[in-house]
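Asker: In terms of the numbering used here, the sequence shown has 51 at position 50, counting the first letter as 1, and numbering is strictly consecutive.
Cβ coordinates follow ideal geometry from the N, Cα and C atoms, glycine included.
Have a look at this one before I ask anything.
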Amino acid sequence: MNFNYIDNNCLYIINKHHYIGTIQNCLRISKDCAELINTTKKPNIFFTRYNLLISIINELITVEKKYKLKNPKPSEIKKDLMRKEPYTIDNFIDRYYQNTILKVNSLKTVKAKENSTKKFLADIQDYYIYMDKSAIFKLNNLYNSIIDNYKLTLKKVGYSFCKYCGKQIKEDSIFCTYCGKKRN
Ligand SMILES: [Zn+2]
């Protein structure tokens, strides 16, 4: 993304009705947003910044002709953003997943791993409205793979999960210590 405008009009207020800043300010915020969108691992930051970027670009489009904004034009930036949106969101999901996996692996107790895994979906669910079906499908698959990943790790150190109640128990126990059901 390129925001190298030649702007001699940098001290104008963009919107007649709402003060949202000067063109220069808008460009600065846009740059910050674009940078965060490509690096953050937090859903709230990603989606609030993404939406802020779109609304600022929309404001810039309204004055694009008046102030002869160019190189590239805000309307071109928006087209580009829209075209790349699925990839931008997909890249974010990958970063978010990698970060969660690292965290879950670093935690010692099963309870903590479980909580962190639940948080993976809980923290992003509010933003489903901004995602398409395939992104949501992917998130749910990743959620399951995080669980599979730590169940596998636990199995290696002699733990298993009760198929009736889902609690963590010793691999070689005949009865579940939580629900009492006989295993197998
Ligand atoms: Zn059980």
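Give a yes or no on whether the C-beta atoms belonging to L37 and R29 are separated by under 8 Å.
Answerer: Not in contact: L37 and R29 (Cβ atoms no closer than 8 Å).
Asker: By a C-beta neighbour count over all protein chains shown, 10 Å radius and 16 as the cutoff for buried, is P87 buried or exposed?
Answerer: Classification for P87: exposed.
Asker: Using three-state DSSP, classify Y97 as helix, strand or coil.
Answerer: Residue state, collapsed to three classes: helix.
Asker: Quick one: grab the DSSP three-state call for T110.
Answerer: Coil, per DSSP.
Asker: Identify the continuous alpha helix (DSSP H) that holds K32 and give its terminal residues.
Answerer: Unbroken alpha helix (DSSP H) run through K32: 24-38.
Asker: For C34, which residues of its own chain have a beta-carbon under 8 Å away from its beta-carbon, when the five flanking residues on both sides are left out?
Answerer: Counting only Cβ-Cβ distances below 8 Å, and skipping sequence neighbours, we find R50, Y51, L53, L54, I57.
Asker: Under 8 Å by Cβ, that's how I've got C27 and E60 pegged, so tell me the actual separation to the nearest angstrom.
Answerer: About 6 Å; that satisfies the 8 Å criterion.
Asker: Measuring only the C-alpha atoms, how far is Q25 from S161?
Answerer: Cα to Cα, Q25 sits roughly 58 Å from S161.
Asker: Measure the beta-carbon distance from I90 to N150 and round it to whole angstroms, keeping in mind my assumption that it falls under 8 Å.
Answerer: No, I90 and N150 are not in contact; Cβ-Cβ is about 23 Å, not under 8 Å.
Asker: Tell me which same chain residues have a C-beta within less than 7 Å of the C-beta of M2, skipping the five on either side of it?
Answerer: At M2, the pLDDT of 41 sits below 50, so the modelled position is not reliable and the matter cannot be decided from this model.
Asker: What does the shell around ligand 1 hold, if a residue joins when its beta-carbon is under 6 Å from any heavy atom?
Answerer: The set, ordered by position in the chain, is C163, Y165, C166, K168, C177, Y179, C180, K182.
Asker: Use the C-beta contact count for F138: other C-beta atoms within 10 angstroms, 16 or more gives buried, fewer gives exposed.
Answerer: Its Cβ having fewer than 16 others within 10 Å, F138 is exposed.
Asker: Grab me the residues of F47's own chain with a C-beta within less than 7 Å of its C-beta, minus the 5 sequence neighbours each way, in chain order.
Answerer: Contacts found: I38, T41, F93.
Asker: Could you check whether K183 and E172 sit closer than 8 Å to each other, using their CB atoms as the reference points?
Answerer: Taking 8 Å as the Cβ cut-off, E172 and K183 do not qualify as a contacting pair.
Asker: When burial is assigned at 16 or more other CB atoms within 10 Å of the CB, is L153 buried or exposed?
Answerer: With fewer than 16 Cβ atoms within 10 Å of its Cβ, L153 is classed as exposed.
Asker: Determine the closest residue to K80 out of I62, Y97, K66, with distance taken between C-alpha atoms.
Answerer: Closest option to K80, Cα to Cα, is I62.
Asker: Figure out for me which residue from K134, C177, I147, I130 has the closest Cα to the Cα of E115.
Answerer: Looking at the Cα atoms, I147 is the closest of the given residues.
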